[in-house]
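First up is the structure itself, then whatever we jot down about it.
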Amino acid sequence: MTETSIALPCCHFVRRSRGQVDARPALPQAWPAMLPLDHLPFPTSDLEGLAEAMRRLGFTVSPRGRYVQPDGAVFPNRCVFLKKGWFDLLQADEAPAEVLPRGCLFLTGDVQATRVALADLGPSRRTFLLERRWDQDVGRPPERFRWIGFKTDRLGVQAAAVEHAWPCVDILPEWQVHPNGAVEILGLASTGKPPGETGLDTSGFLYLSAEAVAETYGAELAVRLKVDDLWQTRRALHRGGVEWRQAGASLIIPPHGAVACAFEFSA
Numbered sequence: 002m003t004e005t006s007i008a009l010p011c012c013h014f015v016r017r018s019r020g021q022v023d024a025r026p027a028l029p030q031a032w033p034a035m036l037p038l039d040h041l042p043f044p045t046s047d048l049e050g051l052a053e054a055m056r057r058l059g060f061t062v063s064p065r066g067r068y069v070q071p072d073g074a075v076f077p078n079r080c081v082f083l084k085k086g087w088f089d090l091l092q093a094d095e096a097p098a099e100v101l102p103r104g105c106l107f108l109t110g111d112v113q114a115t116r117v118a119l120a121d122l123g124p125s126r127r128t129f130l131l132e133r134r135w136d137q138d139v140g141r142p143p144e145r146f147r148w149i150g151f152k153t154d155r156l157g158v159q160a161a162a163v164e165h166a167w168p169c170v171d172i173l174p175e176w177q178v179h180p181n182g183a184v185e186i187l188g189l190a191s192t193g194k195p196p197g198e199t200g201l202d203t204s205g206f207l208y209l210s211a212e213a214v215a216e217t218y219g220a221e222l223a224v225r226l227k228v229d230d231l232w233q234t235r236r237a238l239h240r241g242g243v244e245w246r247q248a249g250a251s252l253i254i255p256p257h258g259a260v261a262c263a264f265e266f267s268a
């Protein structure tokens, strides 16, 4: 068993373990010109604590699983899958104490083509490979990922492009149904200026002054989500004992428990 640098999307940590990984995933048959937001990684030193915080927010959390790299490195995870987009809850002992989405990964049908098309964003030369496997048998094949990072800081957070099947081949339909009615990750709300034309779909992102973000969300960063029914969201938050306030057609949940960012649920 050797110490290996783990290349989590938009995060880099060190762990010790072994495993095997297969080759590249199948490509989607068609792809939009602007890469859509795929998922947000939440690295944490307490995976089960973060999973419980997500359940209190009314999310359905996947069974425990792990990612495997070609060099044999393995690290645990859980996920929250929506109809569009997902959260990757990542166990990383060296993760910062504040649990936040530490990047944005955008979905592509071909990382090599994306590396060329978005060269101005500073794509990494290396293509990283991962395979996700669940600890329990759910009757699905593993999900395989290829991804590249970008050096740009125009989004205010780290960005990457990831190639994999969507919907993921390894998930069950009931994992995408949530007591809070969430169906889509719209983006993030944070400080700064809009990034302009990047080739990445940031239409659901909000860029505000530091004062406006603090006043609106009570945090420096917020995850924005679309829900089917705000009444359903309210009921789920009440059952979880989570405080919220209404702002127009949205419910704002300030940082709570293991999560240091705010959440905005909009109908």
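With the sequence shown counted from 1, adding 1 to any position gets you this note's numbering.
Using N, Cα and C, we set each Cβ at its ideal position, and we do this for glycine too.
Please report the straight-line C-alpha distance between residue i and residue j, rounded to a whole angstrom.
{"i": "Leu38", "j": "Pro102", "result": "13 Å"}
{"i": "Phe264", "j": "Val178", "result": "18 Å"}
{"i": "Ala245", "j": "Leu173", "result": "Reading the sequence as shown, one finds Trp at residue 245 and not Ala. Answer to the nearest angstrom: the Cα atoms are 30 Å apart."}
{"i": "Glu144", "j": "Gly86", "result": "15 Å"}
{"i": "Ala74", "j": "His40", "result": "22 Å"}
{"i": "Val62", "j": "Glu198", "result": "34 Å"}
{"i": "Ser251", "j": "Gly140", "result": "38 Å"}
{"i": "Leu156", "j": "Arg116", "result": "17 Å"}
{"i": "Leu48", "j": "Gln70", "result": "19 Å"}
{"i": "Gln137", "j": "Ala162", "result": "28 Å"}
{"i": "Gly59", "j": "Leu238", "result": "6 Å"}
Kindly indicate the opening and closing residues of the beta strand (DSSP E) around residue i.
{"i": "His40", "result": "Leu38 to Thr45"}
{"i": "Arg103", "result": "That residue, Arg103, is in no beta strand (DSSP E); it is neither H nor E in DSSP."}
{"i": "Ala160", "result": "Ala160 to Glu164"}
{"i": "Glu216", "result": "Per DSSP, Glu216 belongs to no beta strand (DSSP E); it is in the alpha helix (DSSP H), Ala211 to Tyr218."}
{"i": "Ala183", "result": "Ala183 to Thr192"}
{"i": "Ala248", "result": "Arg246 to Ala248"}
Using the beta-carbon count (16 or more within 10 Å), is residue i buried or exposed?
{"i": "Asp89", "result": "buried"}
{"i": "Lys152", "result": "exposed"}
{"i": "Asp171", "result": "buried"}
{"i": "Gly150", "result": "buried"}
{"i": "Gly66", "result": "buried"}
{"i": "Gly242", "result": "exposed"}
Give me the DSSP bridge partner(s) of residue i.
{"i": "Gln92", "result": "Thr45"}
{"i": "Trp87", "result": "His40 and Phe82"}
Just curious, the alpha helix (DSSP H) that residue i is in, first and last residue?
{"i": "Thr234", "result": "Leu231 to Arg240"}
{"i": "Val117", "result": "Val112 to Ala118"}
Out of the options, point me to the one whose CA is closest to residue i's CA.
{"i": "Ala220", "options": "Phe206, Gly242 and Thr192", "result": "Thr192"}
{"i": "Trp167", "options": "Ala93, Ala34 and Leu108", "result": "Leu108"}
{"i": "Gln233", "options": "Val260, Ser125, Phe266 and Leu207", "result": "Phe266"}
At the 7 Å Cβ level, is residue i part of the contact set with chain D, yes or no?
{"i": "Ile172", "result": "The structure shown contains no chain D; it is built from a single protein chain."}
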